[in-house]
Each structure stands twice: as C-alpha cells, then as structure tokens.
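Worksheet: the structure to be examined is printed underneath.
Protein chains in written order, with this note's numbering: chain A, 1 to 271; chain B, 272 to 712.
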C-alpha cells in the first residue's frame, strides 16, 4: 500500500498528465504524445540535456579523482588525522542554499574575494558564474568542493577493507608504490569507485538548488540544465502537462545512466 | 530598574487599550468589530512592506478582534505556490499579496480573486476614512482587469529611477543627463576601465533584465504589446532603439560580468562608488544610504529616468492586496486588505523607507516629508516618477515566458549579437506562445 501511495500513484498521475495540455487556468485537454513530440523538437531541451551531461561529467570525474587522492592520504597515519578528516568532510554537511549564497558573494566580479585573491597574486580576475563560457565549470567546481568528501569516505571505507596479503607479496616481488596502487589498490577498489560514481552521477544529474540560487540558469541559458528547464516549464510557465513529459524523460535518462554504471560494477565484480 | 508607579501606569495603559479601541470604534459609525472571533490566513511575498504589515498585525487584531496568521514567502516561490493552491479551489489563505506585473492576467482570467468594488461602495464594509479617491490613478488602472473588475487594491508601485554617483559626475565636470541620449553619452564619458570606473550598471541576467530595456522603450512612448495584449510590438524601430541603448550601456560602459547581474550585484557594484549610474527600482534605495554597506552614502543622487525622444516615463511594477474568491471568510479578509492599504499603514511604509505607497496623500503629509529618511531629493524623485509611471511589463498571462525569451535576446546583445536580429528572432518565437495563451483564455 505504501509503495502504491508514494511511488505508483504519483508516477501514474505524472504519466497521465504528460498526455494532456494542463494549465491552472485553461483546464485540461488530451493531446496524446504531442508533449513528447514538442520535447524532442525543442532545441532548448536538447541544449539542456547537453549542459546537464557537461555539468555531470565534471561533477562526477573531479570528485572521484580528488576523493581518491584524499582517501589515499587519509588512509596513511599522520598526526591530527582525525581532526583533518573532520574538517575535510564539513562542506558535505552544509546546506546547499547557504553554500550557494556564500559562493555567489565570493564570485562577484568586482567585490568577490576570489578575484581579490587572483589579482593579489598577479593573475587577471575571472568572470566565474558571470560568463557563458565559465559558468558550468564554476558550478561544477562547487559541486566538487561539496561532494569530494563523500567520495573520500566511501573510498576510505574500501581501502580499510582491502586485504594486506597482496601488498606483502608484491613488495617481496619488488613492486614500488605506484605498481602497488596501479595493479592492486585500483582493481580491488574498483567496485567502491563505481558505487561512488553511481551515487555522484545520480546526484549531479539531479542538481538543482545550487544552480538555481546562483544563476537561475543564466547568463542567458548557459546554465539551464534539465532540472532548471523542468522547473521553468512547470512553475514559471505553468506548462504542467509538458513538464510532466520532461519529468518522465528525465527519469528514464537517470535510470538508463544508473543501469550502465551498475552494469560496469557487475563486470568489475565478475573480473 | 522600573519604578513601581511607572509599572502600574504602564499596566493600566495596556489594560485600558482595548477599551480605548472600543471607544474609538464607537466614535466612528464603522463597525471594525463586525468579524470579531474570525481567523484568517494571509499570504505575503517577502519584502519590506510585508515586514511592516506583520509588525503592525497586532494592532489590526486589537482593532477588529480578527486573529491573523501570516507568512512571507520569497516571490519566486510564492507565485507558483499561490497559483497551484488557487487552481485547486481551496487555497490555504484568505488574503494574498499579488505581484500585478506578473500575475495580473493569470489570476484575473482565472477569477481567483474577489472583485472588491462592491465592498468599496458599501459603507457597512468600508470605513469612511479609507478614501479610495486617494489612490494614484496609474496604480488603480494597473489593479483593474480588462473587464472592469477590481480584484485587488494597489499597495505599492515600485518605480524605476536612476541612482547616480554625484562625486563621479563632479570629477568629470558633468551634470545629470537631461535626456536618454545624454545619459548614454555621460556613461561613456564616466567610464575609465583602467581605473575600474564604469559609467553605468544594470541587470544583464535574463528575465530580470527586461525592465532595463522597456525603460528605454518607454522613452519612445513604446510598449511591448498592443493594448489588448494580442500582438507583440517587440521588433518595432522603437523596440530596437531601446535594445541598442541597452546594448551600448551594458557592453561598453558596465563592469565586467554584468551579463550575469541581477539587482543585487548591480546594487553592490554601485554602492562601492565605482559606477556612475544605476537604473533600477526605487525600493532598493535603503542599502545605499547605510554606511555599513555603502561607500556612496553622501554621494548618491536619486533622479527620474530622463526623457526619451518621444516621452518620459518611469517603469512601474505594482504589488497589491487581494481577497481570494474561494475564501469562506471574505468579509474578515476584506477588513485586513482595507487595513493594509489604509493611510496609516501606507504612511508607515513610506516613513520606514519600506516602499513607495500607492496613496498620494502620504507624500504630502508634512510629518512624513520631514521624517522621511532618504531626504527631499528622493521624495521629489518618487513624486515625479509616480506622475509619469507606466507599466514596465506587458499585461499578458505568459509574462514570465516573455521575460525569459526576450531576456535571453537582450543577454545575447551584450555578447555582441545584433539587437534587431535578436528581437526579431525572439518575437517570432514568442508570438505563437502569446496566441496560444490568448486562445486558451
């Protein structure tokens, strides 16, 4: 009954709505698949998909790379390791909207602290979220800053669970640190990396709050990802039928990407 | 430490307050206590006017015996929440603050708000000193639907003005421009990028940037649609002229990154003393005279938008108060609207610098003129702008979509796109949306 109430019914209602032209004032008229046809012929939707994957690619790869490095560091013993780890995971605990507001102040081209720091070391000021070319990498940078700690925690757990025997055997055979990492750590850690990648991908694809608060999809439409596009259609333009179609397509995209990543994980476990 | 006698006197005053209110009611023929014991919910957008209403809410409750639950929601969340709740037929609120520049046609066509003309004419429902004739004609016109219904009462027209830095003008030996052409020329003269000084700042962010274009269009006495709201007039020579002016100012005389600026970034840039002029709503004046956030406290000037080739207008954006048509407590809700738009509350809004009220009498109240925290130049600018106010956005249902489509076109001009081409492209894209919307309603 709970599954029916919280999953089946909302999705069924969304599916029904996606077949209608429904607006708060204009009533409902059935339009069949017209919303889907419109969706796949709307260049703005196409660009929103491209931007979403661009943002997701940076928002997954960068935290994975940095999270792996951080996990390898925190796996070593050094003074104040516990305190350093606590500080490192702080961004993950902060509220996204609060983070977005603080970052948006730091990005201000004239008054932001980031440009102050750049110019104080002789570098030219950057336009950060105030340029069509740099806005997506900048937003992905915040995503990276916030979620690298999560990747680090997952991989740290993986590292702690690795057996010691292969390393001992490798050292007897004269393997150096890089060879140990390349041929033992990475393959054994791979299932954990895939788990982190799946979580990050789903999260990055769904990212809304930080983008909306900082840029609202701008400048122009340069940071209008699928989520922002969907929000605009549903809650700014009140195209609720069309927005339902976008929701379903978006859901299918997330499920497809997740299945691909889970398939990768299964393959890595089978190897 | 409080003396016992003072404490007793204070307690007596507090205990006696309801009696005083009752006596005041008795003196007036109007029965403010008619809906005593009723509870109403009020939905407000987050702004300083709402702060004033909430601060004085207890006075309303003491006056009427009506208890009030009120909440403030940021406008971008409040609008869809209100629309969806009202579409459901049973909104959770009886009174709503409406952004007429966005929601007028949507709410009006759906008949979600109560026509208040009957209440205004009924002496049993409206206090004799409420004085409807006191409201500015422009604001009343904006609050009136095309079919004559008045489904909200104007509270606050936000007027667009020019904030200018007198010190920068003086340093260049310039006077404040008398025309829009002179404004552009001054912006160029003030700009000295090597020193980080810019002649102008305004909104570049799509959607938010539309009034920075329509303000110039109004100088050509040109509007974005025909009066019926059925045909776009956004690719006319006048519209293109406005977009070219927008492009020149934003591309050549504004700080780097202003393509992504909303009012906040524009305000912070201007308040640092490196920008000559800023076009935006007068409601953003307060931080400019606050020494904690502004370096231009002694240099900021307030001016009416200068005249264009054919006309002089100040773009205005009106907030109003309304009773929801689905409310089961319409009488009590109307009492709240009446109180919220009274001379006393609007005077308080002006006195505290929380807005520029729709009532004309508050601007000539000697006490308010004397105690107004922004000074005589500000007050004079507001009064003159009120007199020449004109809608800064078209009165159509898909106004947000309009703002996005044309907002992107304007943003593209900042990166070098041809204004005429961009406007023609946006017009071709938006006219079918407008046609569809008009067909539906």
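Just so you know, even glycine gets a beta-carbon here, dropped at the ideal spot from N, CA and C.
Note that the coordinates shown come from a computational prediction; the quantities given were computed from them, not determined experimentally.
Find the residues of chain B that neighbour residue i, judging by a C-beta separation of less than 9 angstroms, and give them in chain order.
{"i": "residue 153 of chain A", "result": "What residue 153 of chain A touches in chain B: nothing, since even the nearest Cβ is about 33 angstroms away."}
{"i": "residue 41 of chain A", "result": "The contacting residues do not exist; residue 41 of chain A stays about 13 angstroms from chain B at best."}
{"i": "residue 215 of chain A", "result": "476 and 531"}
{"i": "residue 232 of chain A", "result": "671, 672 and 675"}
{"i": "residue 127 of chain A", "result": "527, 528, 530 and 531"}
Identify which residue in the options has its Cα closest to the Cα of residue i.
{"i": "residue 417 of chain B", "options": "B/438, B/427 and B/382", "result": "B/382"}
{"i": "residue 699 of chain B", "options": "B/400, B/669 and B/504", "result": "B/504"}
{"i": "residue 55 of chain A", "options": "A/70, A/193, A/226 and A/190", "result": "A/226"}
{"i": "residue 330 of chain B", "options": "B/391, B/627, B/606 and B/400", "result": "B/606"}
{"i": "residue 596 of chain B", "options": "B/334, B/357, B/346 and B/305", "result": "B/357"}
{"i": "residue 378 of chain B", "options": "B/343, B/401, B/415 and B/405", "result": "B/415"}
{"i": "residue 426 of chain B", "options": "B/659, B/591, B/302 and B/614", "result": "B/591"}
{"i": "residue 95 of chain A", "options": "A/208, A/248 and A/199", "result": "A/208"}
{"i": "residue 133 of chain A", "options": "A/249, A/32 and A/224", "result": "A/224"}
{"i": "residue 63 of chain A", "options": "A/200, A/248, A/236 and A/235", "result": "A/200"}
{"i": "residue 131 of chain A", "options": "B/534, B/697, B/686 and B/658", "result": "B/686"}
{"i": "residue 709 of chain B", "options": "A/23, A/232 and A/33", "result": "A/23"}
Can you look up residue i in the DSSP assignment and give me helix, strand or coil?
{"i": "residue 80 of chain A", "result": "coil"}
{"i": "residue 127 of chain A", "result": "coil"}
{"i": "residue 664 of chain B", "result": "coil"}
{"i": "residue 293 of chain B", "result": "Residue placement at residue 293 of chain B is poorly supported in this model, since its pLDDT is 49, which falls under 50; the coordinates are not used for a value here."}
{"i": "residue 533 of chain B", "result": "coil"}
{"i": "residue 242 of chain A", "result": "helix"}
{"i": "residue 156 of chain A", "result": "helix"}
{"i": "residue 284 of chain B", "result": "Confidence in residue 284 of chain B is poor, its pLDDT being 44 and thus under 50, which makes the residue's placement unreliable; the coordinate value appears in the next sentence. Three-state result, residue 284 of chain B: helix."}
{"i": "residue 564 of chain B", "result": "coil"}
{"i": "residue 387 of chain B", "result": "coil"}
{"i": "residue 298 of chain B", "result": "Bear in mind that the predicted position of residue 298 of chain B carries a pLDDT of just 45, short of 50, making it too unreliable to give a figure here."}
{"i": "residue 573 of chain B", "result": "strand"}
{"i": "residue 396 of chain B", "result": "coil"}
{"i": "residue 1 of chain A", "result": "coil"}
{"i": "residue 121 of chain A", "result": "coil"}
{"i": "residue 185 of chain A", "result": "helix"}
{"i": "residue 524 of chain B", "result": "coil"}
{"i": "residue 367 of chain B", "result": "strand"}
{"i": "residue 316 of chain B", "result": "strand"}
{"i": "residue 415 of chain B", "result": "strand"}
What are the start and end residues of the beta strand (DSSP E) that includes residue i?
{"i": "residue 592 of chain B", "result": "585-594"}
{"i": "residue 549 of chain B", "result": "546-552"}
{"i": "residue 343 of chain B", "result": "338-344"}
{"i": "residue 569 of chain B", "result": "Element bounds for residue 569 of chain B: n/a, residue is neither H nor E."}
{"i": "residue 433 of chain B", "result": "424-436"}
{"i": "residue 470 of chain B", "result": "469-472"}
I'd like to confirm the pairing. Which residues does DSSP put opposite residue i in its beta bridges?
{"i": "residue 22 of chain A", "result": "A/28"}
{"i": "residue 330 of chain B", "result": "The partner list for residue 330 of chain B (beta bridge, DSSP) is empty, contrary to what the question assumes."}
{"i": "residue 450 of chain B", "result": "B/578"}
{"i": "residue 311 of chain B", "result": "B/339"}
{"i": "residue 734 of chain B", "result": "The structure shown does not extend to residue 734 of chain B, since chain B spans only 272 to 712, so no value can be given for it."}
{"i": "residue 630 of chain B", "result": "B/406"}
{"i": "residue 463 of chain B", "result": "B/468"}
{"i": "residue 421 of chain B", "result": "B/415"}
What are the start and end residues of the alpha helix (DSSP H) that includes residue i?
{"i": "residue 484 of chain B", "result": "481-489"}
{"i": "residue 377 of chain B", "result": "371-381"}
{"i": "residue 178 of chain A", "result": "177-180"}
{"i": "residue 614 of chain B", "result": "614-622"}
{"i": "residue 689 of chain B", "result": "From DSSP, residue 689 of chain B is part of no alpha helix (DSSP H); its letter is neither H nor E."}
{"i": "residue 651 of chain B", "result": "647-658"}
{"i": "residue 639 of chain B", "result": "637-642"}
{"i": "residue 45 of chain A", "result": "43-75"}
{"i": "residue 98 of chain A", "result": "96-107"}
Quick one: list the residues of chain B neighbouring residue i, beta-carbon separation under 7 angstroms, in chain order.
{"i": "residue 235 of chain A", "result": "351"}
{"i": "residue 220 of chain A", "result": "477, 679, 682 and 683"}
Could you tell me which chain A residues have their CB closer than 7 angstroms to the CB of residue i, listed as they occur along the chain?
{"i": "residue 540 of chain B", "result": "110"}
{"i": "residue 358 of chain B", "result": "24"}
So with CB distances below 8 angstroms, who are the chain B contacts of residue i?
{"i": "residue 131 of chain A", "result": "528, 530 and 531"}
List, in order along the chain, the chain A residues whose C-beta lies closer than 8 angstroms to that of residue i?
{"i": "residue 354 of chain B", "result": "24 and 238"}
{"i": "residue 380 of chain B", "result": "25"}
{"i": "residue 543 of chain B", "result": "110 and 111"}
{"i": "residue 438 of chain B", "result": "In chain order: nothing, as chain A lies at least about 17 angstroms away."}
{"i": "residue 377 of chain B", "result": "24, 25 and 238"}
Can you pull the chain A residues whose beta carbon is under 9 angstroms from the beta carbon of residue i, in chain order?
{"i": "residue 462 of chain B", "result": "Simply none; closest approach about 14 angstroms."}
{"i": "residue 698 of chain B", "result": "Neighbours of residue 698 of chain B on chain A: none; closest Cβ ~17 angstroms, over 9 angstroms."}
{"i": "residue 705 of chain B", "result": "Near residue 705 of chain B there are no residues of chain A at all, since even the closest Cβ is about 12 angstroms away, more than 9 angstroms."}
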